[in-house]
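Numbering (the working numbering), first residue to last: 193 to 393. The C-beta atom is built at its ideal place from N, Cα and C for all residues, glycine as well. Predicted model, so just to flag it, every value in this text is computed and none were measured.
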């Protein structure tokens, strides 16, 4: 399903939209759409300048949305029990520690951690990093990471795209399995707290 979705991205506006929603509305990081953009560059379907512009703007929008969520809802989100269970207590604590120890430059560091970026951006917003500092450090990361990822798709082409989709499919299976285990554990805990009453004779 995800492979078909990425493969059917329509032109530069579609690439921008896909990058802007990756990790928020779309259940995968932007790296997959960037790799596929590189494949399209190699096949001659895309041109370098508009591809990089669409990708950088799209990923930048996604990053800024995550930052704004942290800025206006971060205090509540970072300390709510369900959010800590959803994202992971240790992941949230690492993101907060990274921003606390390195300041705004943690935004640049977070850019290079797949699956950890949005958490760092959310923590940056929640801990008071200014909009100007966020845009500066995130922009520096974007102009390095986005072209590099697109270039990987261009150089290695379909084999790298195939590997990426294979990893996504396996990750989906792991996530589904973890959700099922979590649901069973919650049901078990609830039964322990509130055992069913014995039926009357």
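For residue 334 versus residue 227, is the C-beta spacing smaller than 9 Å? In this structure, residue 227 does not lie closer than 9 Å to residue 334 by Cβ.
Test item: CB-CB of residue 317 and residue 236 under 9 Å: no
Below 8 Å on the Cβ atoms is my contact criterion, and I expect residue 288 with residue 254 to pass it. Report the Cβ-Cβ distance as a whole number of Å. Actually they are not in contact, since the Cβ atoms of residue 288 and residue 254 sit about 21 Å apart, beyond 8 Å.
Alpha-carbon to alpha-carbon, residue 330 and residue 246: 16 Å
For residue 272, which three-state DSSP category applies? coil
Quick check: the Cα distance between residue 244 and residue 383, rounded to an integer number of angstroms? Straight-line spacing of the CA atoms in residue 244 and residue 383 works out to 53 Å.
Quick one: residues in its chain with C-beta nearer than 7 Å to the C-beta of residue 260, no 5 flanking neighbours on either side, listed in chain order? For residue 260, where only same-chain residues beyond five positions count, the Cβ hits under 7 Å are 317.
Note the first and the last residue of the continuous alpha helix (DSSP H) segment covering residue 311. 309 to 318
Are residue 337 and residue 303 closer than 9 Å when you measure CB to CB? yes
For a quick check, are the C-beta atoms of residue 346 and residue 230 less than 9 Å apart? In contact: residue 346 and residue 230 (Cβ atoms closer than 9 Å).
So is residue 306 buried or exposed if we call it buried at 16+ other beta carbons inside 10 Å? Burial call: exposed.
Run the CB neighbour count on residue 203, radius 10 Å, all protein chains shown included, and call it buried at 16 or more, exposed below. exposed
Given that a residue counts as buried once 16 or more other Cβ atoms are within 10 Å of its Cβ, and exposed if not, what is residue 299? Buried, since its Cβ has 16 or more Cβ neighbours within 10 Å.
Residue 206 versus residue 269 - alpha carbon distance: Their Cα atoms are separated by approximately 30 Å.
Can you grab the Cα-Cα spacing for the pair residue 312 / residue 211, in whole Å? CA-CA distance, residue 312 to residue 211, rounds to 18 Å.
Whole-angstrom distance between residue 385 and residue 242, CA atom to CA atom: 58 Å
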